[in-house]
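Student: In this text, residue positions in the sequence shown follow my numbering: the first is 8, and each later residue adds one.
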Amino acid sequence: MFLPCLQAVLVASRKSLTQRNGVLDITHEILERLESRLRAAGQLMVTANMRETSAEKVAERGLSQTSLLGLQGPTITLVFCKHDGRIAADYYAIVICVPKKLLYKSIQQLRAVRQFSFFSMP
8 MFLPCLQAVL VASRKSLTQR NGVLDITHEI LERLESRLRA AGQLMVTANM RETSAEKVAE
68 RGLSQTSLLG LQGPTITLVF CKHDGRIAAD YYAIVICVPK KLLYKSIQQL RAVRQFSFFS
128 MP
């Protein structure tokens with residue numbers, strides 16, 4: 008399979024950047040989007056649902072594993088489920104970003120802290 012190497016150049020006029028209203032802001036946004044895309048290359052987002060009594064306990068379990076630290080630590084939030092017609096927050100979701108090469112290790116560590124279910128996406 009042939010994968011082309013893509014390159015790009017951003018050319019801007021100093022006069023336009025300084026004198027035209029909004030051009031500098033749009034240029035910053037373009038550069039921020041490009042930078043975030045380049046940083047995300049090779050990373051996967053992994054989400055696991057865990058049954059626990061508090062977000063702090065989920066964080067303790069997650070942070071005890073080296074592959075589950077994510078970029079700045081895991082994101083933890085309530086998961087609402089519907090059981091027998093009533094809504095309850097029985098689970099917490101832990102979301103981390105991991106390098107692709109550490110996906111399998113991260114899944115193993117999630118299993119070690121007794122996660123309920125998980126999925127990953129680019």
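Even for Gly, the Cβ is constructed at its ideal location relative to N, Cα and C.
Distance, Cα to Cα, alanine 62 vs cysteine 104?
Tutor: If I take the Cα positions, the gap works out to 18 Å.
Student: On the DSSP letters alone, give me the boundaries of the beta strand (DSSP E) that lysine 64 sits inside.
Tutor: Run containing lysine 64: none in the beta strand (DSSP E); it sits in the alpha helix (DSSP H), 62-70.
Student: If valine 102 and threonine 54 are in contact, beta carbons under 8 Å, what's the gap, nearest whole angstrom?
Tutor: About 5 Å; that satisfies the 8 Å criterion.
Student: Please name the residue or residues paired with valine 105 in a DSSP beta bridge.
Tutor: Valine 105 pairs with Leu51.
Student: Using the Cα positions of serine 113 and proline 81, report the straight-line distance between them to the nearest angstrom.
Tutor: Answer to the nearest angstrom: the Cα atoms are 12 Å apart.
Student: Near valine 30, what residues of its chain come up, given a Cβ to Cβ distance below 6 Å and the 5 sequence neighbours on each side ignored?
Tutor: Counting only Cβ-Cβ distances below 6 Å, and skipping sequence neighbours, we find Ser23 and Leu24.
Student: Starting from leucine 110, trace the alpha helix (DSSP H) in both directions and tell me its first and last residue.
Tutor: Looking at the DSSP string, the run of the alpha helix (DSSP H) that includes leucine 110 is 110-119.
Student: Measure the C-alpha to C-alpha separation of serine 20 and isoleucine 33 and round it to an integer number of angstroms.
Tutor: Approximately 13 Å between the Cα atoms of the pair.
Student: Leucine 24 lies in the beta strand (DSSP E); which residues open and close that run?
Tutor: No beta strand (DSSP E) contains leucine 24, which is instead part of the alpha helix (DSSP H) from 21-26.
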